[in-house]
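Residue numbers (mature numbering (1 follows the signal peptide of the UniProt record, and there is no 0)): -19 to -1, 1 to 532.
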């Protein structure tokens, strides 16, 4: 816990760092530092990676010669360091080479002041990387450089051999730039996410322009979100690129705040829109009343917790994030769960209402949205379940050394992938199509399970009771259509020519809504205007026929 807090404070102090730098001294928290390092062949770059330790002698008193022991090694060689732990025979503990260790044969007189390591022949045979240990005399300035030849988890250990205080700066320089090795995978990740969102936005923009005269308000919100997401991903990628080229300075701190605010705003606004849409706002209900106030407060809480989470995940290296990370994740997970539960319940009631009113086209879209949300919840719970086993072993000394490459994805990466999948799916289902405005706020004519209409709710003016009784009865082995019934009624009282015209106008087949969404029907742009004209014409024909009968 203390090392995590110190790392955060230290990062805020080192405004002009030219590489990943940490201050080391005689305290327990700052005398040891471990981090992942990539070889030059892993990520490329113009600089050979190295670890450099600079000892500062400003605390050295005159006429003294304090000595500090230094050890740099890769974690896989931990068994070659120190002596066997009496309480844990399978583990070694670091130990300095002093008089008692020399007498015990653990080290030589020439190694006095250094850390105890395996004999040179054993090191040459078993070590995976260079194991470097030296006794540093602080009355002389010293800079020790350790070359990185292989990707691994490297540690720097310091301890006072004679004297009380010392100060040193450890510089971890990778070949690709200034970013810590645990953060560099985010650079291509956010660049790729920006490209993916841009592709979705181009696809959406093409359809938006094609049907720009028939756009719904909800589609304008989706357009704004897609544009916002492209900007946010570019800003996040720009932050890591700037930090990789310039290190941690004032500019990177400003970008960090901007990215954190954008990330939190994106999540809160997205969940807010999803919730009010699932409540049927704008399609099923014209207003939400006081419920809208509660939804807004939940969005504000999620926004605040999102800022804390974003700053933590962007700035703190994953290998330093211990159990303290739960204090950051749990509040955000609580508001996230509240959004999901509330959204699912609202979606359930909206679906039931649409199904009761037999609004099959709209219900089909909300069913797809329901499956999208359900799958997202299952994925999130699956990841949290798996991560619980991972965090359970966080106190294992081998946990971080063997997980430092992937912990960034556990803390930040996979949530972005789930979010992208949801946005892409919603954008596809709610994509602009022809005549979507015409059907968005209108009710679908109720149909029976076999697809037939309840014709008692429709019909031409002045229909007689006899016409209603004959509706749906078979004629010559076939069911009558609405057009045939209207035509038959007119022929009983009108001239033959009027009957023929009425029958032709009523014989236009009605398209089926089966398997279509409310934004996919209406491919024939003139069909609905033709139906309206024919209804007016039929009404005039019926009135004309009644006038002829009265004569």
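For each residue, glycine too, the CB sits at the ideal point set by N, CA and C.
With a cut-off of 8 Å on the beta carbons, I'd call residue i and residue j a contact; round off their distance for me.
i, j, result
"residue 57", "residue 109", "5 Å"
"residue 174", "residue 214", "5 Å"
"residue 197", "residue 417", "6 Å"
"residue 140", "residue 12", "6 Å"
"residue 96", "residue 50", "6 Å"
"residue 178", "residue 211", "5 Å"
"residue 358", "residue 321", "6 Å"
"residue 203", "residue 415", "The pair is not a contact, with the Cβ atoms about 17 Å apart (cut-off 8 Å)."
"residue 410", "residue 346", "6 Å"
"residue 48", "residue 144", "7 Å"
"residue 259", "residue 328", "4 Å"
"residue 156", "residue 29", "7 Å"
"residue 135", "residue 385", "Actually they are not in contact, since the Cβ atoms of residue 135 and residue 385 sit about 11 Å apart, beyond 8 Å."
"residue 20", "residue 130", "6 Å"
"residue 243", "residue 216", "6 Å"
"residue 389", "residue 167", "6 Å"
"residue 240", "residue 220", "5 Å"
"residue 413", "residue 192", "4 Å"
Can you tell me where the alpha helix (DSSP H) holding residue i begins and where it ends?
i, result
"residue 259", "231 to 259"
"residue 536", "Since the first residue shown for the chain is -19 and the last is 532, residue 536 is missing from the structure and cannot be characterised."
"residue 212", "198 to 227"
"residue 401", "395 to 410"
"residue 83", "80 to 84"
"residue 262", "Run containing residue 262: none; DSSP gives neither H nor E here."
"residue 181", "167 to 191"
Closest to residue i by C-alpha separation, out of the options, would be which residue?
i, options, result
"residue 354", "343, 139, 333 and 325", "325"
"residue 362", "318, 179 and 307", "318"
"residue 315", "287, 338, 391 and 346", "287"
"residue 307", "406, 137 and 368", "368"
"residue 72", "59, 83 and 81", "59"
"residue 310", "240, 393, 233 and 360", "393"
"residue 4", "81, 401, 55 and 147", "147"
"residue 75", "61, 83, 81 and 86", "61"
"residue 112", "52, 336 and 228", "52"
"residue 404", "207, 88 and 135", "207"
"residue 226", "26, 8, 245 and 329", "26"
"residue 142", "117, 156, 397 and 133", "117"
"residue 273", "104, 253 and 44", "253"
"residue 55", "120, 85, 128 and 387", "128"
"residue 230", "328, 280, 247 and 159", "159"
"residue 343", "261, 365 and 384", "261"
"residue 290", "277, 396, 191 and 269", "396"
"residue 205", "250, 44, 30 and 79", "250"
"residue 44", "120, 28 and 168", "120"
"residue 248", "269, 312, 87 and 280", "280"
"residue 257", "195, 2 and 330", "330"
"residue 132", "270, 31 and 283", "31"
"residue 283", "114, 246, 79 and 85", "246"
Over the uninterrupted beta strand (DSSP E) stretch that includes residue i, give me the two end residues.
i, result
"residue 17", "13 to 18"
"residue 52", "48 to 55"
"residue 3", "1 to 6"
"residue 533", "Nothing can be reported for residue 533: it is not among the residues displayed for the chain, which extend from -19 to 532."
"residue 32", "31 to 37"
Can residue i be considered in contact with the ligand NAD, in the sense that its beta carbon sits closer than 7 Å to one or more heavy atoms?
i, result
"residue 177", "In terms of ligand content, the structure shown is empty, and the ligand NAD therefore cannot be addressed."
Would you verify that the beta carbon of residue i is, or is not, closer than 8 Å to some beta carbon of chain C?
i, result
"residue 255", "This model lacks chain C altogether, as it is built from one protein chain only."
Checklist entry - Would you call the segment 123 to 136 and the segment 349 to 358 in contact, with 3 or more CB pairs under 8 Å? => result no
Item to check | 4 or more residues per run - each alpha helix (DSSP H) lying fully within the segment 87 to 143 | outcome: 101 to 107
Next on the checklist: Quick check: the segment 154 to 168 against the segment 16 to 34, are at least 3 beta-carbon pairs closer than 8 Å?
Outcome noted: Touching, yes.
Next on the checklist: For the pair the segment 149 to 161 and the segment 99 to 109, tell me if three or more CB-CB distances fall below 8 Å.
Outcome noted: no
Item to check | Three CB pairs or more closer than 8 Å across the segment 186 to 193 and the segment 233 to 247 | outcome: no
Item to check | Complete alpha helix (DSSP H) runs within the segment 331 to 375 (minimum length 4 residues, chain order) | outcome: 341 to 373
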